[in-house]
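Worksheet: one structure, shown below.
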Amino acid sequence: METTHKYRVLIGKPGLDGHDRGAKFIARALRDAGFEVVYTGIRRSPEEIAAAAIQEDVDAVGLSSLSGAHIRLFPAVVEALRKAGAQDIPVLGGGVIPEEDIVTLKAAGIVEIFTPGTPIDKIISAYREACEKKSSV
Amino acid sequence: MAKHPKLAEWEKNELAKSLSRFPERKEKFTNHGGEEILRLAAPENIDDAYLENLAFPGQYPYTRGVQPTMYRGRLWTMRQYAGFSSAAESNKRYRFLLEQGTTGLSVAFDLPTQIGYDSDDPMSVGEVGKVGVAIDSLADMETLFDQIPLDKVSTSMTINSPAAILLAMYVAVGEKQGVAPENIKGTIQNDVLKEYVARGTYIFPPKPSLRLITNIFQWCSQKTPAFNTISISGYHIREAGSTAVQEVAFTLANGCTYVQTALDAGLELDVFARRLAFFFNASSDLLEEVAKFRAARRLWARLMTERFGAKNPASLMLRFHTQTAGNTLTAQQIDNNIVRVTIQALAAVLGGTQSLHTNSKDEAHSLPTEASVRTALRTQQILAHESGVADTIDPLAGSYYIEALTDRIEREALALIDKIEESGGVVKCIEEGFIQRQIENAAYQYQLEIERGERIIVGMNRFQIQEDKKPPLLRVDPEVEKTQVAKLAEVKNNRNNEKVAALLTRLETAAQGSGNLMPIIYDSVKEYATLGEICNVMRKVFGEYKDRG
Amino acid sequence: MTIDRLLEGLKQRDPRAIGRAITLVENGDESAQAILSSLDEDLISQAIILGITGPPGAGKSTLTNGIISELRQSRKRIGIIAIDPSSPISGGAILGDRIRMMQHATDRDVVMRSMATRGRLGGLCATAGAAVRIMSSCGCSTIIIETVGVGQSEMDIIRLADITLLVLAPGLGDDIQAMKAGLLEVADILVVNKADCKGADILAMDLETVSRQEGATNQARVSMTVATENKGITELLERIAEVDSEHRDSGEREKRRRGAHDQEVLDWCLEILRPRLLAEITKRDLPLLGDPRLKAKEILEEQ
Ligand SMILES: Nc1nc2c(ncn2[C@@H]2O[C@H](COP(=O)(O)OP(=O)(O)OP(=O)(O)O)[C@@H](O)[C@H]2O)c(=O)[nH]1
Ligand SMILES: [Mg+2]
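In C-alpha cells, the structure reads:
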C-alpha cells in the first residue's frame, strides 16, 4: 500500500495578544509549502495548545506572541507537553523577542525562535527540519 | 488680478469667523526671504467641479480640511501613546512627556485590562503591565493621573470592550480633582467592531457590545459633552495588513454601523455625531496616504449627508487622529525607522490630521526607551516648526496625481462599503468572515512580495549589513504582576464590600433589561468595584464572542 | 512509540495513542493493519455516527460545539472528526474547525481530530472510516463528522454516517436550489441555524415545502437552532435520538452500515489496486493507438 506522509503542525497564539497577522501568514505559507496546519487561533492557554497538539498528533507546534508574554507562555507550552508525555513534539516560536530572551527560551526547550524580518523560506525549512527530526525517532 | 467671488465669499464668511474666534499662530507667516506665505492656494478658475469635490477648508465636503485655517490656527495635537507596567510608572512617563511639550496624553492599557480581566485572574498570567498599564480599580486610575490636572490635558484612551468602565473611572478621578464632568476632554477608542476583525480585544458578542457603545454616546451627550465618545479606527485594520482602500472602507462602514445603531436606539443624530472621532494609519506610501486622508474626509461627509441626512456641519466633519505605521518598522538598522516615521508623519500632516502619534525607532524590538520617544516627538516638532508645511493649507490640492488618487480611493472605498451593505451589513460580514478574509488576503499578498524581494524594505531584504550592537531595551519589571495583585487585594479589603456586591447585583439586573448601563457602572467604580468584577457580571449576561479564526 | 505500546495505549484510551493511531492509518503505515485489527468491534457497532454538513459559514462548527456541550452534560464520551479540503496545488491544508471547539480542548472525553481531504478519490471515506472506528473503539459513543457541503466528496462521508444533518442558515444565497438534488435529499435532518437572524422562518418554510415534495421516502424534518446561544440544541438531540431509534427499528441503520461497509471495502480495493495496476500498465508499454477502455478490460481479465 502507498504511504502518504504529510507533516502536520499546529500554529497557535498563547496569551491575550490578538495580533495574528504573523501567525496567519506562517500558517498560510506552511500550507503553501505542503504542510497540514491545524490553526487554533488567538487567546489560548498553554494547556489547551498542548492538548490540541496531542490529539492532532502534530509533528511540531508553532507559537506566536507580540505582547512580551512569550517569556512565561512559551516555556509553559513546553511544560504542558512534557506533563502530558509529549516532550518529543518540538516547539518553535516567533514574535517581537529580544535577543537575550532567545537564549532563555532555547534553554527552556524551544527549538527555534524567529524574529521580525526572518525570511519565510528559513522559517519553513526550520519547521520541515523539526518535523523530520521528530518523525525519525 | 481680482479674487474669484467664491474665494472672497469664503474669506468673508468662514475664514473671518474662524479668525475672529481663534487668531492664527502668527500675525504673519514668512519664508526665509521675509516674503509672506500664501494661506491658501486655489485655482484661478473656480468651477462647479472644484466647489463640489474640493471646496474651501472648513467647507463641505471638507476635502481640504475641517477648519478654515488648519495648522495656521493651531498645530495638530502631538499625542504620544504611552503606558506600561504600573500606574505609578506610567504616571511618571506622562509627566515626562508633558514637560517635553506633549499636548495630549494617550493611555495604553495592558491586555488583561483591555479584555476585562483583573490582574489576579488566571487569564492574566504573564501579561500584567506588558503592553500598557494595568488598571484594576479606581485606585489605579487615581495613581495614573496623580498631579495631572484633567481640566488642562486631554486624554485619549485605547480601550474598547470595557470602555464604559474606564470612562467612568476617568470621570470619577476628575470629580475627585474637583473637575466637573463637562470640562473633561479626551477620547475613548470604544470601537469594538474593528476588534473582531483586526485587533482581538473583544469580550462580548456584537449586539451587546453595540448596546454598550450606544449607552456611552447617550450618557456622554448629557454628562461629558466635550468628550469624544468613540474613535473609529482604521489604524489596526491597516496594521493587520489591509490596503489603503480597505482601511477607509471598513472604517467608514463601521462608522455607519455605529450611527445606525444609535439612531435605532432613539438618539438624535446631530447630538452624538459631532462627538465621533476617527483614527487612521499613516504608512510609507506618502502620496497614497495623503490622498487617503482627503478621500476619507470627503466620503464621510457625503455618507453622513446622503445616507443619514445630517445637517449640522460638526456632524459631517471627519476629525481624525493618526499614528505612523508600526508594521513598517524594521528590527534591522533601526535608525532607518526615524526616516520612515518622518515620511509617514509628513503624510498625516499633509492629509490634515487633528492629532498625531509618531512611533519610536526601537518599537520592533520592545517598548520604546525615553530617548527614542523623545526623538519621535522631535520629529513632529520639526515638521511643525521647521518644515513649513504647517504654514499653508492643504498644499497638495490640485496636484493631478493627488486629486486623481483621492477620487479613486473614494470611489473604490464606496464600492466596498456598498458591497458590505448588500451582503447584510458589517456585523454579518464579520460573522461570516468576509472582512477578515479580505484583510488576510491583502496581508498575505503583501508579505509574499516582500519575501520574493519584489517589494524592497531597506535594511531588511536589501541593503543589509551585519549588525551586532543591540539597542538598549526597556523591560517591564517582572515584579509588577505581584505588586499589582497585592494592591488589588488591598483595595478589596478596604472598600465597602457589601455595597459593591449590591451594586453588582443591580448591574446584572440592569444588563438583563434594556436601559442605559452607564449610571450604574459609574456608581460601581466609585465604590471601587473592579474592572474584572464588572466585566464578569456582563459576561454572565451577554456571553462571550468566539473568533472564527 | 512501539506498536505494542501503541496498542496498549489505545486500550487505556490514551490521547497520544489515539492521535498517533489515526496518523498511522491515515498515512497508510504498515502498522495500520495491527491497529485496525485490535479494535473493539462491539463498541464500534454500538456508537452512533453523526454527519454534519452544509455550506461554509452556516455554523457547523459552532453547532458541533453546542452538541458537544450538551452531550457532555450526560457524561458521554465524544469523538469529532473535522474535515477540510487540501489545496490541490501544494497538497497542504489549513484545518481551522478546532477554533470553535477549543473550550473542550482539555476535556479528555472529547476526542477531536482535524483531517485534510488529501485529494484522494474515495480514499477520504476509507481514512475517515478508520478514524471513526478508532475513536468508537476508544469509548466514544457518539462520533461527529463535520465537513463542508459544497462538492461531491461529502457524499462519501455521508455514506459513513448513521444520521446526517444538513446545516443551513438564512442569507447564504441560492444555495437551497443548488443543493436540492444532492444533500437535501440524503440528509435526515435539516437544521436551520442562525434562527436569530432575518429570513430564518422563510428558509425553514421553504425547506418544509421542499421536503414534502420529495415525498414519503424522505423523512427529513426541519429543526431550528441558534448555535451561538445554545438554543434549540436539546430539541435537536431529541430529534436525532428519535430518528436513530426509527432507523434501528426499521432496519435502516443496518442497511446503511452495510452500504458504508461495502463501499469502504470497495474504496480500499481500488486504493490497493491503483498502484499495482499502474505498474502493470507502465510495464506493458502499450501503443498509443487503440481504445483505453478495451485495454483496461484486457488487463483486468488477465489479472
Ligand atoms: N447570529 C448567529 N451567528 C451564528 C450562529 N451560529 C454560528 N454563527 C456564526 O457564524 C459564523 C460561522 O460559524 P462556523 O461555526 O465557523 O461555521 P461553519 O459552518 O463551521 O464554517 P466552515 O467550517 O468555515 O464551513 C461564526 O461567526 C459564528 O459565530 C447562530 O446561531 N446565530
Ligand atoms: Mg467549521
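Just so you know, the protein sequences line up as chains A, B and C, in that order. Quick note: the first sequence uses my numbering, first residue 29, plus one each step. Quick note: the second sequence uses my numbering, first residue 8, plus one each step. Quick note: the third sequence uses my numbering, first residue 885, plus one each step. All C-beta atoms in this analysis are idealised placements derived from N, C-alpha and C, irrespective of residue type, glycine included.
Item to check | Bounding residues of the alpha helix (DSSP H) (the contiguous stretch that carries B:Q351) | outcome: N343 to L357
Checklist entry - Cβ-heavy atom distance between B:E438 and ligand 1 below 7 angstroms? => result yes
Checklist entry - Is A:V66 close to chain C, meaning its C-beta is less than 8 angstroms from at least one C-beta of that chain? => result yes
Next on the checklist: One question on the structure: do A:D85 and C:R904 come within less than 8 angstroms of each other, judged by their Cβ atoms?
Outcome noted: yes
Item to check | Partner residues on chain A for B:G554, Cβ-Cβ distance less than 7 angstroms | outcome: Contrary to the premise, residue 554 of chain B reads as Asp rather than Gly in this sequence. Ordered by position in chain A, the residues that pass the 7 angstroms Cβ test against B:D554 are G69 and I70.
Next on the checklist: Just to confirm my understanding: we take B:S362, look at its own chain, exclude 5 residues before and 5 after, and list those with CB closer than 6 angstroms. What are they?
Outcome noted: W83, T84, R86 and H328
Next on the checklist: Tell me the rounded alpha-carbon separation between C:L1052 and B:A404.
Outcome noted: 51 angstroms
Checklist entry - DSSP three-state call for C:E1030: helix, strand or coil? => result strand
Checklist entry - At least one CB of chain A closer than 8 angstroms to the CB of B:G520: is that the case? => result no
Item to check | Host beta strand (DSSP E) of C:A977 (start-end) | outcome: A977 to L979
Next on the checklist: What would DSSP say about A:K34, mapped onto helix, strand or coil?
Outcome noted: coil
Next on the checklist: So the candidates are C:I962, C:D981, C:I1047 and C:P972; which of them puts its Cα closest to the Cα of C:S1025?
Outcome noted: C:I962
Next on the checklist: Does C:S1021 come out as helix, strand or coil in the three-state DSSP assignment?
Outcome noted: helix
Next on the checklist: Quick check on C:P899: buried or exposed, where buried means 16 or more other Cβ atoms within 10 Å of its Cβ?
Outcome noted: buried
Checklist entry - Going by C-alpha distance, which of A:I82, A:D87 and A:K150 is nearest A:S164? => result A:D87
Item to check | chain A contact for C:S971 (CB, 8 angstroms cutoff) | outcome: yes
Item to check | CA-to-CA distance, B:I437 to B:Y203, given in whole angstroms | outcome: 7 angstroms
Checklist entry - Helix or strand or just coil, what does DSSP make of B:F36? => result coil
Next on the checklist: Would C:R884 and B:K159 be called neighbours here (beta carbons separated by less than 8 angstroms)?
Outcome noted: Summary: the structure shown does not reach residue 884 of chain C, with chain C confined to residues 885 through 1187, and so no result is reported for it.
Checklist entry - A:R59 touches chain C at which residues, Cβ-Cβ below 8 angstroms? => result S971, S974, G976, A977 and I978
Next on the checklist: Within a Cβ cutoff of 7 angstroms, which residues of the same chain sit near B:Q471, ignoring the five residues on either side of it in sequence?
Outcome noted: Q339
Checklist entry - Which of helix, strand or coil does DSSP assign to A:V139? => result coil
Checklist entry - Does the beta carbon of C:R984 fall short of 7 angstroms from some heavy atom of ligand 1? => result yes
Checklist entry - Does any C-beta atom of chain B lie closer than 8 angstroms to the C-beta of A:R135? => result Reading the sequence as shown, one finds Ala at residue 135 of chain A and not Arg. Taking Cβ atoms only, chain B never reaches closer than 8 angstroms to A:A135, which makes this a no.
Checklist entry - How big is the Cα-Cα spacing for B:L293 and B:V433? => result 29 angstroms
Next on the checklist: Against C:T990, what residues of chain A qualify as contacts under a CB-to-CB distance less than 7 angstroms, listed in chain order?
Outcome noted: E75, E76 and A79
Item to check | Buried versus exposed call for B:P129 [16 or more other C-beta atoms within 10 Å across all chains shown] | outcome: exposed
Checklist entry - To the nearest angstrom, how far is it from the Cα of C:D981 to the Cα of C:G1003? => result 19 angstroms
Next on the checklist: How far does the alpha helix (DSSP H) with B:Q519 in it extend, from its first residue to its last?
Outcome noted: N504 to Q519
Checklist entry - Does the separation of the CB atoms of C:T1093 and C:A1071 fall below 8 angstroms? => result no
Checklist entry - Quick check: the stretch 94-102 of chain B against the stretch 147-158 of chain B, are there 3 or more CB pairs under 8 angstroms? => result yes
Next on the checklist: Closest to B:R282 by C-alpha separation, out of B:T331, B:G193, B:T349 and B:N167, would be which residue?
Outcome noted: B:G193
Next on the checklist: For chain B, check one thing: does any of its Cβ atoms lie closer than 8 angstroms to the Cβ of A:S95?
Outcome noted: yes
Next on the checklist: Distance cutoff 8 angstroms, beta carbons only. Does A:F63 sit that close to anything in chain C?
Outcome noted: yes
Next on the checklist: Considering only heavy atoms of ligand 2, does any lie closer than 7 angstroms to the CB of C:D981?
Outcome noted: yes
Checklist entry - Are any of the Cβ atoms in chain B nearer than 8 angstroms to that of C:I1156? => result no
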